[in-house]
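Here is the structure we will look at.
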Ligand code: DLL
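Residue numbers (my numbering): 3 to 452.
Given below as C-alpha cells:
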C-alpha cells in the first residue's frame, strides 16, 4: 500500500473495524497467512543453518534437513532456543550477521549474570518500526496524534521501539522517557498528548502524582493508552481508564524477539493480536513441551520469520498465556494472545497453590483506602517459604485502621486467589515506585549454595 492510501485507510476505517495500518496484511485470510508463514519459516531455517553455528549444530544433531519443514506443524521438529543460549554466547554469538553490518544493539539490564544482547540490521529496524506503527494504530493512535512516550530510552527496547513506530505512523512523538513525573504531567497537558505509552505501573504513578498536584487528567486531551512491558490485570486497566479518561490497550513484546510490537490489543480489548506474518506462535505445556489445545494456558514459544540479525528458533519466552484463532470483531485475522498472566519464573507456589503476582494485583487495585502499589516479600522460615503481602494505604487513611485493612485484604486474597498471606499495611509512599517495570516480588530467601 502506498503512503497516501495508508493514511487514507487510517482516516476512514470501516465502521466498527478500527483503523488499519496495513489492511491487506492485517485482514489476510488465515490460509494465506499460513502459507506466508511456511515460506518464511523455511527461509529462516536456511538463514540460521548457513549463519549461526549453534543452530546449525543443533539442527544437525537432531538430523533436521532444510526440506524437512513441509507444514507449519513441522516446526515441532526444530530445537528450542533459551535465554541462557544468548548469555552463554555473549555478546554476539547467536547473531547471523557480523556486528559491523548491524545498525543497532540493545541489551537487557540482566539482574543476574551477563546481560542478553540483541542486534538489528537496518532492515530489522524498518520491520520493527512498521510493526510498532501497526500496533499503535491497532490501539487507536492516528497520524497527527501527539504520543507521550514514557518508556525508558536506552538499552531497554521500550523507548526507542515505540518511538520509531510512532514516527512511522505519522504521529508526533514526545520522547519524555521515564521519571521526573511532575514535569511529565505538565508537558502532557501543555503539549496536548492524545496517546500515552508507558508501563501500566508507571501510568498509575503518573495518575497518583497528578492527583496529589490537583491536576485532573480526565480533562486532558488523552484519548487512548498503550501499556505493556510487564503483566497487569483487568482491575488495573479499569483504574487507568478511570483516572486518565482514556481507553487502555495491552502491548506485548520482548527484546529477544524484537521489542515492543510483537502483539497489541485492538479496540475490542479481547486479547492481543500477535503479528503472524513476522512471528510463529506456539503454546506449549512447559513440562511435556507438547502443544496445549487452543484456549488452554501454557508457555508462549516464538519463532521469528523475518529477523535478519538475530533469527530465533522456538524461543522459550517463559510467559504463560492462552491463544485463540477465533475471528475478532475488529476484522483482523491474526491470532489473539489472551493477556500474559506472568512469567513462569515469577510464579510463586504457596502451599501447593500456583500464584502469579498479577492475580494479587487484580484483587488490590481499585479497593477503597488502598493505593495500587504492592510487593510480595518471600522469606524462608525453616523448611517453609513465607509470603508477606505489603500493601499501601491511601493518604488520609488513619493508621489505627491498618490492622482492620490488613485483615480485609488477607480475606479477599484468600477468597479470590486461594492462598493465605500475612498482610502488612504501609503508610503512603512506603512501597517503592518505579519509572519502568515495577518490582512486585522481593525474594529475601537465602540463595541456593550461598
Ligand atoms: O518489555 C518490551 C516491551 C516494552 C513490551 C514496552 C511492551 C512495552 P523485555 O525488557 O525484553 O522487553 O521484557 C520482556 O516483559 O517476556 C514478558 O515477561 C514481559 N512483558 C512485556 N510485555 C508484557 C505484557 C519488553 N503486555 C518481558 N504483559 C516479556 C505481560 C509483558 N508481560
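Built from N, CA and C at the ideal position, the CB exists for glycine as well.
- Of the candidates 229, 210, 209, 229 places its Cα closest to the Cα of residue 201.
- Taking 7 Å as the cut-off, the C-beta of residue 317 does not count as close to any heavy atom of the ligand DLL.
- It is roughly 19 Å from the alpha-carbon of residue 388 to the alpha-carbon of residue 363.
- Cβ atoms of residue 110 and residue 123 stay farther apart than 8 Å, at about 20 Å.
- Within the stretch 122-179, the complete alpha helix (DSSP H) segments at least 4 residues long are 124-140, 159-171, listed from N- to C-terminus.
- About 17 Å separates the beta carbon of residue 40 from that of residue 61, a gap too long to meet the 8 Å contact definition.
- When DSSP assignments are scanned along the stretch 331-412, the uninterrupted stretches of beta strand (DSSP E) that are 3 or more residues long and fall wholly within it turn out to be 350-352, 355-357, 372-383, 386-395.
- Contact check for residue 154 against residue 161 passes: the beta carbons are separated by less than 8 Å.
- The way I'd put it, the stretch 135-149 doesn't touch the stretch 201-216; fewer than three beta-carbon pairs between them come closer than 8 Å.
- CA-to-CA, the gap between residue 196 and residue 426 works out to about 38 Å.
- Between the stretch 94-103 and the stretch 48-61 there are three or more inter-stretch CB-CB distances shorter than 8 Å, so the stretches are counted as touching.
- With a 10 Å radius around the Cβ and a threshold of 16 neighbouring Cβ atoms, residue 163 comes out buried.
- When DSSP states are grouped into helix, strand and coil, residue 200 belongs to the strand group.
- Runs of the alpha helix (DSSP H) lying entirely within the stretch 53-100 and spanning at least 4 residues, in chain order: 55-63, 85-90.
- In the structure shown, the three-state DSSP call for residue 433 is coil.
- Classified as buried, residue 314 has 16 or more neighbouring CB atoms from the shown chains inside 10 Å of its CB.
- Cα atoms of residue 439 and residue 69: separation of roughly 43 Å, rounded to the nearest angstrom.
- Apart from the 5 residues on each side of it in sequence, residue 300 sits with its Cβ closer than 6 Å to the Cβ of 285, 286, 287, 294 in its chain, given in chain order.
- Distances from the alpha-carbon of residue 221 to those of 237, 182, 243 put 243 closest.
- When the beta-carbon positions are compared, residue 316 and residue 347 stay at least 8 Å from each other.
- By the Cβ-count criterion, residue 121 is buried, with 16 or more other Cβ atoms from all chains shown falling within 10 Å of its own Cβ.
- Under the 10 Å beta carbon count, residue 251 is surrounded by 16 or more other beta carbons and is classified as buried.
- Nearest Cα to residue 246 within the set 414, 226, 441, 257: 226.
- For residue 48, the secondary structure class from DSSP, reduced to helix, strand or coil, is helix.
- Taken through DSSP and simplified to helix, strand or coil, residue 192 comes out as helix.
- Residue 102 carries a helical assignment under DSSP once its states are collapsed to helix, strand and coil.
- Annotation for residue 186: 152, 178, 208 place their beta carbon closer than 7 Å to its own, counting only its chain and skipping 5 residues before and after.
- When the five nearest sequence neighbours on each side are left out, the beta carbons in the same chain lying within less than 6 Å of the beta carbon of residue 23 are those of 135, 136, 139, in order along the chain.
- Assignment of beta-bridge partners to residue 301 by DSSP yields 286, 322.
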